[in-house]
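With full-length UniProt numbering applied, the sequence shown corresponds to residues 1 to 1013, in that order. From the three backbone atoms N, C-alpha and C, an ideal C-beta is built for every residue, glycine too. Okay, so here's the structure we're looking at.
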Amino acid sequence: MMDQQKKRFFFNNRRFLSLFSAKRSCIFVLHSAVKELELALMKLRPANKMMYMRTFVVALILFVLAAGELKAQGWQFNFGGSKEDEGWAVLQTEDEGFIVVGFGESFGTDNDQNIFVVRTDIDGTILWTKYYDEGFQEQARSIIPTADGNYLIVGNIIGKPGERENIYLLKIDRKGGLLWSKQFGGAGNERANDVVLDSDGGFSVIGTSKNATEEDENILLVKFDAEGTATWSKTYGTPRKDEGKSITRIGEGYALLGNSRNETGFDNNIVLYRVDKLGNIIWERRIANSFREEGRSIITTQDGGLAIAGVINDNSDALIVKYDANGNQRWMRSIGDANVEEEANAITELKDGSLVITGLKLVSSVNVDLLVAKVDAKGNILWEKAIGDGEFTEEGRDIQATKAGGYIITGYNGQLLNTFNDLILVKTDGAGNTITNRVNGQVFVDRDNQCDFDNGESPLSGWIVKATKGIDVVYGTTNAEGHYSILLDTGIYNLKVLPPNRYWSTCSTEGVNVRLREFYDSLNIDFGAKAAVNCPFMEVDITTPFLAQCSEVDYIVNYCNTGTVTAQNAYVDLALDNKLTFQSASLSAEQLADGKLRFRLGNVAANGCGSFTVKTALDCNGVANGQTGLVSARVFPDTFCLDLDPRWDRSSIVVRGICKKDTVIFEIQNIGKGDMKERKKGIVVQDDIIMRGVNPTYQLQSGKSIEVAIPNPNGSTFRLFAEQSEGHPGRSLPTVAVEGCAEDGKPIITGQVTQFPENDQDPFVSIDIQEILSAVQSVALRGHPKGYGKQSTIDAKTDLTFTVIFQNSGSDTVQRVVIRDTLSQAIDPTTVIPGSSSHPYFLEVYEGGIVKITFDSINLLPANGGTAQKTYGFVEFRASQKPNNPTGTVIDNRATVYFDYRLPSGTNTVRWRIDHFPDFVRVLTSSQEVFVPGVKVDIYPNPFSEMVTLEVKGRQYNRLQLNVYDLSGKLIQQKFFNSNICHVYRDQLAAGIYSYQLISEGQLINTGKLIVR
């Protein structure tokens, strides 16, 4: 029969949503479309937060984010039911997730042991679970990736009760589909313990062979081809019991680790064979220094040698032994405290040659913990950790180093004095740390003002709960039922609930102090909330993945009410760029007199969300690459219900801009009910230079306006910024841009509009502005605003919007897409706001600024198998900078996209530099400035492609000096002329804007700018 552990412990089968923690931030998400089996398995699973999703779907997300430096990171998930379930081997997959194999009894139909496989993403979220049952009993012992991208599982099977045991081989695909299964066995019992992939695509298995009479037991090595057919087998051993435990490739052959019964007949010695590719022994080594030595795991090290993990001494110390390729022992190290048992079951090597083991540590007679320990390349012990709950037993069976620098461990745990256990998956940081304390609770509408939860009181979803300990800050968010759950380190924390806006108040404004004294502690803290102001709070977002000339463009509009009462008769007004033609919408549209479209939403309940699609067509003619298309959405009611700032004079400024023949005309209007009490100023930017002489000042009465006219725009882009009066509600900063104002057929300057933000900082306004592209990459990241000049400079208070675009460039339909974006340290992860998307998704924030976005069941068609709209997807999110980012701070951002189980694809990198607006914008005259009375300078043509002429009138000069500077102030050209007419050729000047000085005999005559096409 199959090996059974001497004792098993059972983990209480409470069915609760689980969490994981991380170094700076943590986020937990409930996997969508989970089967009943998976739900039962989720002993420790990510919980969820209410989010509006992008196609009339509500997302459930719970995120926990640590803003400070926590002392540990990691998570532990338990999978299993009311019977015995164990993990034996784990791999990190190419998509950076994990696949675990073992066996389980809890979910089969015949109450026997079956092979149990769990695949998760990098955060432990279940992707799928599978049971494989082709006989009476099946157990998995090892798993390896195959050359074709699938997986081979090796274990053991008993076909029927009373039959002998055979080696069991299963090949599965990335989704757990069974490709084939094979058995190997003879008249006796053959059992597998480990497998290694061979260079020819086949594989070799180590295990144990017993003869028919079971009087002799030997180490067994079997060579299989890629299809699971045995090509040869060999046995090794003594007249006593010998067992093969682990195998690794070395050179062209193998190293075999086993145990051999010693002469006393009660304990084992470790035996190590090196064999060639046909199984012939090259050398043999034994460790027989004490009453008990057992080998459990062997690996080939980077220096070409071998490392062994196992057990030594009757009191059981964990053992690590290092050999060179010739079998010379380099060092031996035991890890263990006096009178405390430790065992090593598996070993892994790091890039620096250090070694990490996992196993078990007997902390007391009734407490067994999972052991993790690290030694350096010379065997010096660096650290040792015991992970476990005092009420449970935990044992690590396999360990692998992760790409992130930590470790992934599988094994089992169980409750004391119970014979059953669960499969566990434990992720730690590089020091073997994890976080295990949990604070749970509920946030609800406190209708009776008693501050305790009563039946019938409504839960509040999407609310943030903040836990603070010194500089460490952790955030959790409530799910659809108002529940939150946060993993915390030990210590004293202040817990506080943070309403989404000021229309809400809470029972505990100062928070609740909690003390977590030990690991695996658990507390329950509820928070009641009530309306401080009875008012709706509407939010809107609109976007599309990209704009392409002469194409259909679908905009997704999303809205939510995070206020305290229902928004009555809500609607969205939409304004389309004149290059876009409205086609249809998923919601009825009304054409307004001003050209806008109105979409009536009806009543939107508090905490309610929705979305609709607007189909448009982008013009085929008169549209240049790099030119922008703008769409704006405003949701109503946009009522401001709080007390107004007493400084506010009730004015409200709006700006407009048009191109009228050869003139750009800006209008500044006060549409508020009050007159302005103070004069304010505006700033006009031409392309990327602030103009002097045209920047307006204004102090407007209610309803009044002024105009600013700029003649001869020559195809440049002009933008006006205006100020609101002090105390104006919200975050409005009026701005408008006019692009491409030129005579018909004349060239225009593009690419200037998106370098500055739009006036959509208020939640009830959303503006999507994009440059029209000739081509789109299959994976791309767009940041808005793109920033000013070559350094992409933005103001320290500018919010950033990120849009990730992805296309299925493969040959098969993609079912799942995951995006991971590690935010810059200059961005505040707590401010991440999900935006529009092509498909429903889950958004998570964790580990100090990683944004994870998951599309389940996306059904993204391959690029060669469908229309572009069905092969592309996109998602948008927004985030604010951290307060007081210093001038010169650089923000870099790049995302990674995972399509199903493929290797990830990286996007481009977007970058910004922080400064203070308008200080970073170069200031020049409106066209030019003359410093000599009676002198006029004509410049033509400007912009120019090959040559520009500067003609000085009003005074005769014998010699003129022309200095040309780039926007950084660097002198790049100096020319001299002997007449009043200066012909300047382009030479090597790149397209762009340059400043110049015209000088004669040391006197500055004229300054201005030159625009090179």
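Using the Cβ count rule (16 or more neighbours within 10 Å means buried), how would you classify Leu-644? Residue 644 sits at position 644 when you count from the first residue of the sequence shown. Within 10 angstroms of the beta-carbon of Leu-644 lie fewer than 16 other beta-carbons, which makes it exposed.
Give me the Cα-Cα distance between Asp-454 and Gly-441, rounded to the nearest whole angstrom. Taking the first residue of the sequence shown as 1, we reach residue 454 at position 454. Taking the first residue of the sequence shown as 1, we reach residue 441 at position 441. Distance between Asp-454 and Gly-441, taken at the CA atoms: about 13 Å.
Just confirm the distance between the C-beta atoms of Asn-978 and Gln-956, as a whole number of angstroms; I'd bet it's less than 8 Å. Locating residue 978 in the sequence shown gives position 978, counting from the first residue. Locating residue 956 in the sequence shown gives position 956, counting from the first residue. With a contact defined as Cβ atoms closer than 8 Å, Asn-978 and Gln-956 miss out at about 11 Å.
So, helix, strand or coil for Lys-870, using DSSP? The residue given as residue 870 occupies position 870 in the sequence shown. It is helical.
Nearest-angstrom beta carbon gap, Leu-547 and Gly-629 [assumed within contact, 8 Å]: By 1-based counting over the sequence shown, the position of residue 629 is 629. By 1-based counting over the sequence shown, the position of residue 547 is 547. Between Leu-547 and Gly-629 the Cβ distance is about 5 Å, and since that is below 8 Å, they are a contact.
Quick check on the burial criterion: 16 or more other C-beta atoms within 10 angstroms. Buried or exposed for Ile-993? As a working note, residue 993 is residue 993 in the sequence shown. Buried is the call here.
Which residues in the same chain have their Cβ closer than 8 Å to the Cβ of Gln-113, if we skip the five residues on either side of it in sequence? The residue you call residue 113 lines up with position 113 of the sequence shown. Leaving aside the five residues that flank Gln-113 on each side, the residues in its chain whose CB is nearer than 8 Å to its CB run, in chain order, Met-2, Glu-84, Phe-103, Gly-104, Glu-105, Gln-137, Glu-138, Gln-139.
Look at the Cβ atom of Val-222, then the Cβ atom of Ala-212, and state whether they are nearer than 7 Å. Stepping through the sequence shown from its first residue, residue 222 is reached at position 222. Stepping through the sequence shown from its first residue, residue 212 is reached at position 212. No.
Would a C-beta distance cut-off of 7 Å place Asn-262 and Asn-269 closer than the cut-off? In the sequence shown, residue 262 corresponds to position 262, counting from 1. In the sequence shown, residue 269 corresponds to position 269, counting from 1. Contact flag set, yes.
Return the chain-ordered list of same chain residues with a C-beta closer than 7 Å to the C-beta of Glu-343, the five sequence neighbours on each side being excluded. For the purposes of this step, residue 343 is identified with residue 343 of the sequence shown, where counting begins at 1. Counting only Cβ-Cβ distances below 7 Å, and skipping sequence neighbours, we find Val-311, Ser-316, Ala-318, Gly-359, Leu-360.
Would you report the Cα separation of Gln-450 and Arg-438, rounded to the nearest angstrom? Within the sequence shown, residue 450 is the residue found at index 450, counting from 1. Within the sequence shown, residue 438 is the residue found at index 438, counting from 1. Each residue's alpha carbon lies about 25 Å from the other.
Since Asp-662 contacts Asn-712 with CB under 8 Å, what's their CB separation in whole angstroms? By 1-based counting over the sequence shown, the position of residue 662 is 662. By 1-based counting over the sequence shown, the position of residue 712 is 712. Contact between Asp-662 and Asn-712 is confirmed by a C-beta separation of about 6 Å, below the 8 Å threshold.
Any chain B beta carbon closer than 7 Å to Arg-913: Note that chain B does not occur in the displayed structure, where there is just one protein chain.
Determine the closest residue to Asp-225 out of Ala-147, Asn-218, Gly-258, with distance taken between C-alpha atoms. Mapped onto the sequence shown, residue 225 falls at position 225. Asp-225 has its Cα closest to that of Ala-147, out of Ala-147, Asn-218, Gly-258.
Report the partner residues of His-983 according to the DSSP bridge assignment. For the purposes of this step, residue 983 is taken as the residue at position 983 of the sequence shown. In DSSP, His-983 forms a bridge with Thr-949.
Which same chain residues end up closer than 6 Å to Asn-524 when comparing Cβ atoms and leaving out the 5 residues on each side of it in sequence? If you number the sequence shown from 1, residue 524 lands on position 524. Taken in chain order, the residues that qualify are Asn-440, Gly-441.
Roughly how far, in whole angstroms, is the beta-carbon of Ala-796 from the beta-carbon of Gln-881, given that I think they are within contact range, below 8 Å? Here the question's residue 796 lines up with position 796 in the sequence shown. Here the question's residue 881 lines up with position 881 in the sequence shown. About 6 Å; that satisfies the 8 Å criterion.
Reducing DSSP to helix, strand and coil, say where Gln-755 ends up. Here residue 755 refers to the residue found at position 755 when the sequence shown is read from its first residue. The answer is helix: DSSP assigns Gln-755 an H, G or I state.
Pro-941 - DSSP class collapsed to helix/strand/coil: By one-based count along the sequence shown, residue 941 stands at place 941. Annotated three-state conformation of Pro-941 is coil, per DSSP.
With hydrogens ignored, establish whether the beta-carbon of Val-368 is closer than 6 Å to any heavy atom of the ligand NAP. With respect to the ligand NAP, the structure offers nothing, as it holds no ligand at all.
Less than 8 Å between the CB atoms is what I'm expecting for Thr-867 and Gly-849, so what's the real figure, rounded? As a first step, residue 867 is located in the sequence shown; it is residue number 867 there, counting from the start. As a first step, residue 849 is located in the sequence shown; it is residue number 849 there, counting from the start. With a Cβ gap of about 36 Å, Thr-867 and Gly-849 do not count as contacting.
State the Cα-Cα distance for the pair Asp-892 and Ile-126, rounded to the nearest angstrom. Here residue 892 refers to the residue found at position 892 of the sequence shown. Here residue 126 refers to the residue found at position 126 of the sequence shown. When rounded, the distance between both Cα atoms is 31 Å.
Under a Cβ-count criterion, where at least 16 other Cβ atoms within 10 Å of its own Cβ denotes burial, should Asn-1006 be classed as buried or exposed? Sequence index remark: in the sequence shown, residue 1006 carries index 1006 (1-based). A buried status is given to Asn-1006, since no fewer than 16 other beta-carbon atoms sit within 10 Å of its beta-carbon.
Evaluate the contact criterion for the region 716-726 versus the region 682-699: three or more CB pairs, one atom per stretch, below 8 Å. Using a C-beta cut-off of 8 Å, the region 716-726 makes contact with the region 682-699, since at least three inter-stretch Cβ pairs fall below that distance.
Tell me which residues share the same chain as Glu-667 and place their Cβ nearer than 6 Å to its Cβ, disregarding the 5 neighbours each side in the sequence. Here residue 667 is taken as the residue at index 667 of the sequence shown, counted from 1. Result list for Glu-667: Arg-656, Ser-705, Glu-707, in chain order.
Cut-off 6 Å between Cβ atoms - residues of its own chain near Ser-551, not counting five sequence neighbours on either side: Taking the first residue of the sequence shown as position 1, residue 551 is located at position 551. These residues qualify, in order along the chain: Leu-618.
Tyr-985 to Phe-944, Cα distance in whole Å? One-based indexing of the sequence shown puts residue 985 at position 985. One-based indexing of the sequence shown puts residue 944 at position 944. The C-alpha of Tyr-985 lies about 9 Å from the C-alpha of Phe-944.
Inter-residue Cα distance where the pair is Val-897 and Met-538: Within the sequence shown, numbered from 1, the residue matching residue 897 stands at position 897. Within the sequence shown, numbered from 1, the residue matching residue 538 stands at position 538. Spanning the two alpha carbons is a distance of roughly 32 Å.
Span of the beta strand (DSSP E) around Pro-711: Counted from its first residue, the sequence shown places residue 711 at position 711. Secondary structure note for Pro-711: its beta strand (DSSP E) is the uninterrupted segment 705-711.
For the candidate residues Arg-333, Ala-338, Lys-241, whose alpha-carbon lies nearest to that of Ile-357? Residue 357 sits at position 357 when you count from the first residue of the sequence shown. Taking the Cα of Ile-357 as reference, the smallest distance to any Cα among Arg-333, Ala-338, Lys-241 is reached at Arg-333.
Going by DSSP, what residue range makes up the beta strand (DSSP E) through Trp-180? Here residue 180 is taken as the residue at index 180 of the sequence shown, counted from 1. For Trp-180, the enclosing beta strand (DSSP E) begins and ends at 178-184.
With distances taken Cα to Cα, identify the nearest neighbour of residue 1095 among Asp-389, Arg-292, Lys-245, Glu-293. No statement about residue 1095 is possible, as the shown extent of the chain runs from 1 to 1013 and does not include it.
For Pro-734, which of helix, strand or coil comes out of DSSP? If you number the sequence shown from 1, residue 734 lands on position 734. In the structure shown, Pro-734 sits in coil (DSSP, three-state: anything other than H, G, I, E or B).
Use the C-beta contact count for Trp-88: other C-beta atoms within 10 angstroms, 16 or more gives buried, fewer gives exposed. The residue you call residue 88 lines up with position 88 of the sequence shown. It is buried - the Cβ of Trp-88 has at least 16 other Cβ atoms within 10 Å.
In the structure shown, what three-state DSSP assignment does Pro-834 receive? Translated into positions along the sequence shown, residue 834 becomes position 834. DSSP places Pro-834 in strand when its eight states are reduced to three.
Reduced DSSP secondary structure (H/G/I, E/B, other) of Pro-829: Start at 1 with the first residue of the sequence shown, and residue 829 comes out as number 829. Three-state result, Pro-829: helix.
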